[in-house]
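Quick mapping for you: the protein sequence lines, in order, are chains A and B. Using this note's numbering, read the first sequence as starting at 14 and increasing by one per residue. Using this note's numbering, read the second sequence as starting at 68 and increasing by one per residue. Just so you know, even glycine gets a beta-carbon here, dropped at the ideal spot from N, CA and C.
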Amino acid sequence: MQVRFWGVRGSVAVPNANMLGYGGNTSCVEVTLADGTEIILDAGTGIRELAAGRTPHASKVQILLTHLHLDHIQGLLFFGPLFDPTSEITVYGPPAPGPNLDQRLARYLSAPLSPVDLHELPASVEFAPCPRGEWEVGGARIQAAIVAHRGVTLGYRITEGESTLCYLPDHEPALGTSLADADAGWISGSGLADGATALIHDAQYRDEEYPSFVGWGHSRVSDTVTFASRANAQRLILFHHDPGHDDATLDEIGHEARQSWDHAGRDPATLSLAAEGTTLTL
Amino acid sequence: MSVEHQPLLLVQGRNLITGLALPALLTDPDGGLLFFNDAAGTLLGRSFEEVGRLPRDDWGRQFGPFDKEGRPLATDHLPLGNALREGRPAQGRFHVRLAANGELREVEVSAIPLLEPDHYEGALIVFWPVEAAASGTR
């Protein structure tokens, strides 16, 4: 499978010149399977660029939302295929009691906050809560599970052949526990990340910043490294960069993280920071 | 050996009760024992590390519920059974057997179902000796 990063920033888009090395768009990752099936992970502002770069358009698209915080859905109505009547789009999201997924999304994607209502879209769009257990899309097996973040939030595991991608963009598994000492199996997200070929994981805070943000639902870099190491992820991609971290800061974070990864007995070359426009082949 | 990865509600439930001074335990959807905290271990006389995970029947044979004469009670209409069947918190009293000396101790029990939109992940149970509750020591 081919993975392309269209938005890697957390919380809010930052178009600052000193942040464009890694990119300023919020969460959006495109996964293209061997048969051409397209899966889009989250609909942050990066999804607009994704749509602009799609030639030709796949007629069927699956959008997997991890949760409904703005930085993960803000780009949805700027996704061109939603305005193409020949498109068939399925939007999956987290389950929740009460209103359906489309009703929950419509709180933001409707008047007066949006000029276009979710139900006016020309494409054929289906909104559905994520299936329980595993389901298949285009030859890949997909699993979703609720993970530690504020509000009901999913992580995803996509397996095609021998390759597995795990996507945990907003995740604070260390909340209330010590990742180094917790019993195996008793760590949020560990089942999704277990042995993944590549793990895309929240690393919003530097270690010294984290004490001010405990419980906000995001990870410090050292926890991300520990989590990935305990999950035996083969490759770790730091994601959901803090909007206050410019390119130079992210370079420093990458350097520090690779040292920690090295100390954990892993090859430093298998840790990277997600950057807009980059691709990964698994 | 493959690891059984627990769902978030149970992970967070364990994190919560680990630091709780009240005796508390976690069960799976079938009522099997998944974990109990140090306060429960102190009350029961054995630590979780000694006991480990147990199916509902094994857990019941060792620790209860019993009536005041030490006869096993059917669990279906006790707090755990009610919580898992009806999907609402339930409360009740029964006796447990202390591992240290075999003594029966009356406890008050609150069971909270760990309910996701469409299924149970298990239950969180808090319990405490009746005399402690009555005397206001806890």
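1. Could you list which residues in chain B have their beta carbon closer than 7 Å to that of T352 (chain A), in chain order?
2. Compare the C-beta of G86 (chain B) with all C-beta atoms of chain A and state if any pair is closer than 9 Å.
3. What is the residue span of the alpha helix (DSSP H) that P146 (chain B) lies within?
4. Which chain B residues are close to I102 (chain A), counting only those with a beta carbon under 9 Å from its beta carbon?
5. Three-state secondary structure (DSSP) at G106 (chain A)?
6. From R205 (chain B) to D130 (chain A), what distance separates their C-alpha atoms?
7. Who are the near neighbours of V163 (chain B) in its chain, counting only those whose CB is closer than 6 Å to its CB and skipping five residues on each side?
8. To the nearest angstrom, report how far apart L83 (chain A) and N31 (chain A) are at their CA atoms.
9. Using a C-beta cutoff of 9 Å, does T204 (chain B) count as contacting chain A?
10. By the 10 Å Cβ neighbour count, where 16 or more other Cβ atoms means buried, how is H162 (chain A) classified, buried or exposed?
11. Given the structure, does L205 (chain A) come close to the ligand HEM, in the sense that its CB is under 8 Å from one of the ligand's heavy atoms?
12. What is the rounded straight-line gap between the Cα of D125 (chain B) and the Cα of G98 (chain B)?
13. From this set, A:E101, A:I200, A:G37, which residue's C-alpha is nearest E51 (chain A)'s C-alpha?
14. Looking at G106 (chain A): is its Cβ nearer than 9 Å to the Cβ of L167 (chain A)?
15. Tell me where the alpha helix (DSSP H) around L293 (chain A) begins and ends.
16. Taking only beta-carbon positions, decide if D125 (chain B) is within less than 9 Å of chain A.
17. Using 9 Å as the limit for Cβ to Cβ distance, is A277 (chain A) near chain B?
18. Find the residues of chain B that neighbour A141 (chain A), judging by a C-beta separation of less than 8 Å, and give them in chain order.
19. Buried or exposed: L126 (chain A), going by 16 or more other Cβ atoms within 10 Å of its Cβ?
20. Is there a Cβ of chain A sitting closer than 9 Å to that of D185 (chain B), yes or no?
21. Thinking C-beta only, is G290 (chain A) closer than 9 Å to F18 (chain A)?
22. Would the region 136-153 of chain A count as touching the region 45-59 of chain A if we require 3 or more Cβ pairs under 8 Å?
23. Quick check on R233 (chain A): does DSSP put it in helix, strand or coil?
24. For R154 (chain A), name the three-state secondary structure that DSSP assigns.
25. DSSP three-state call for H214 (chain A): helix, strand or coil?
26. Looking at C-alpha atoms only, which residue of A:T39, A:G111, A:L95 is the closest neighbour of V104 (chain A)?
27. Do you know whose CA, among A:V42, A:P28, A:G202, A:V21, lies nearest E71 (chain B)'s CA?
28. Terminal residues of the continuous beta strand (DSSP E) containing I171 (chain A)?
29. Return the Cβ separation of V176 (chain B) and P139 (chain B) in integer angstroms, given the expectation that the two are a contact with Cβ distance under 8 Å.
Looking at the atomic coordinates:
1. There is simply no residue 352 (chain A) to check, as chain A begins at 14 and stops at 295 in what is shown.
2. yes
3. 146-153
4. Within chain B, no residue comes near I102 (chain A); the closest Cβ sits about 23 Å away, beyond 9 Å.
5. strand
6. Residue confidence is low: R205 (chain B) scores 43 on pLDDT, short of 50, so the model does not pin down where it sits. Its coordinate-derived value is still stated next. Answer to the nearest angstrom: the Cα atoms are 54 Å apart.
7. F130, G131, R172, V174
8. 23 Å
9. For T204 (chain B), the pLDDT reaches just 45, beneath the cut-off of 50, and the residue's location in the model is therefore unreliable, although a value from the coordinates is still provided. Output row for T204 (chain B): interface = no.
10. buried
11. In the structure shown, the ligand HEM is absent, as is every other ligand, since no ligand is present at all.
12. 11 Å
13. A:E101
14. yes
15. Run containing L293 (chain A): none in the alpha helix (DSSP H); it sits in the beta strand (DSSP E), 292-294.
16. no
17. no
18. Result: empty, since nearest Cβ-Cβ is about 13 Å, beyond 8 Å.
19. exposed
20. yes
21. yes
22. yes
23. strand
24. strand
25. strand
26. A:L95
27. A:G202
28. 167-173
29. About 16 Å; that fails the 8 Å criterion.
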